[in-house]
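Trainee:
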Amino acid sequence: MKYSSITLSAIIATLHPRQTSATFTINAADSSTGQIGASGSSCVNFSLYSVAYQSIPGHGVCMTQAMPPSNPDWDSDATEKSPVYDIIDTSLENDIDPTVIIDTITDPELDDGRFLFFFKEVNLRQYGCVDLQGRSAGYTGSSLDRLYAITQPFAPDNVQEDVQGTLGDIAYSAQGNI
Numbered sequence: 684m685k686y687s688s689i690t691l692s693a694i695i696a697t698l699h700p701r702q703t704s705a706t707f708t709i710n711a712a713d714s715s716t717g718q719i720g721a722s723g724s725s726c727v728n729f730s731l732y733s734v735a736y737q738s739i740p741g742h743g744v745c746m747t748q749a750m751p752p753s754n755p756d757w758d759s760d761a762t763e764k765s766p767v768y769d770i771i772d773t774s775l776e777n778d779i780d781p782t783v784i785i786d787t788i789t790d791p792e793l794d795d796g797r798f799l800f801f802f803k804e805v806n807l808r809q810y811g812c813v814d815l816q817g818r819s820a821g822y823t824g825s826s827l828d829r830l831y832a833i834t835q836p837f838a839p840d841n842v843q844e845d846v847q848g849t850l851g852d853i854a855y856s857a858q859g860n861i
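Numbering-wise (our numbering), the sequence shown opens with residue 684 and increments by one.
(1) So, using beta-carbon positions, are H742 and L815 closer together than 8 Å?
(2) Check each candidate in S725, D794, A705, I739 and name the one with the smallest Cα separation from V813.
(3) Below 8 Å on the Cβ atoms is my guess for Y822 versus Q809; work out the distance and round it to an integer in Å.
(4) Nearest-angstrom Cα distance between G859 and L775?
(5) Kindly indicate the opening and closing residues of the alpha helix (DSSP H) around E844.
(6) If you run the structure through DSSP and keep just helix, strand and coil, what is D840?
(7) Rounding to the nearest angstrom, what Cα-Cα distance links I853 and C745 in this structure?
(8) Looking at the structure shown, is A735 part of a helix, part of a strand, or coil, going by DSSP?
(9) Pick helix, strand or coil for S774, following the three-state DSSP scheme.
(10) How long is the line joining the alpha carbons of G796 and A705, rounded to whole angstroms?
(11) Would you grab the beta carbon distance between G720 and A711 for me? Rounded to a whole angstrom, and I think it's under 8 Å.
(12) Quick one: using the 10 Å Cβ neighbour count with 16 as the cut-off for buried, is T708 buried or exposed?
(13) Measure how close the beta-carbons of D794 and E804 come, nearest whole angstrom, since I'm counting them as under 8 Å.
(14) Kindly indicate which three-state DSSP category A854 falls into: helix, strand or coil?
(15) Under the three-state reduction of DSSP, which class applies to L691: helix, strand or coil?
(16) Helix, strand or coil: which one does DSSP assign to Y686?
(17) What separation, rounded to the nearest whole angstrom, lies between the Cα atoms of T787 and V767?
(18) Could you tell me how far apart the beta carbons of P781 and A820 are, in whole angstroms, since I believe they sit closer than 8 Å?
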């Protein structure tokens, strides 16, 4: 009996399951309709949207992923809520350019937490912001690749990236650790 290489690959993949550690978010704003929205998927076991999704109807939306800033609403070890959340809300309400929002919330002076003593937490985050004025911006922390090398040594092809753009009247930002 002959099997194609695709069939054999499917059988092997089924018999040898792997846990994935991919996380992604995408957000968009349609300036012609005034609609904003976002979606995502996470490999962590808490609600992505209790942590990551911040929107101000009529203005824009920002998503956080990778290692979100502290917030006692979802993290029982957190003693206080990071100012990042309020800055995002206030900035979106005031139609601040997403590039300025990203620059503000990724300032090491504002976000100076540490992870494993030697990683600045801001360098382990990803952000994406879009608004109804057709603007978008994103950020991928410079230490994410090193963190994945330590925590996922058998998955050397992980990629951490963010991409922004427009498609007609829709501004978008996509972030991923895949």
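For glycine and all other residues, C-beta sits at the position ideal for the given N, C-alpha and C.
From a predicted model like this one, the values you see are computed outputs, not experimental measurements.
Mentor: Looking at the atomic coordinates:
(1) yes
(2) I739
(3) 6 Å
(4) 22 Å
(5) No alpha helix (DSSP H) contains E844, which is instead part of the beta strand (DSSP E) from 843-850.
(6) coil
(7) 15 Å
(8) coil
(9) helix
(10) 24 Å
(11) 6 Å
(12) buried
(13) 6 Å
(14) strand
(15) With a pLDDT of 41 at L691, under the threshold of 50, the predicted position of this residue should be treated as unreliable, though the coordinate-derived value follows. In this structure, L691 counts as helix in the three-state DSSP scheme.
(16) Caution is warranted here: a pLDDT of 45 is assigned to Y686, below 50, making its placement in the model unreliable, and the coordinate value is therefore given only provisionally. Coil, per DSSP.
(17) 9 Å
(18) 4 Å
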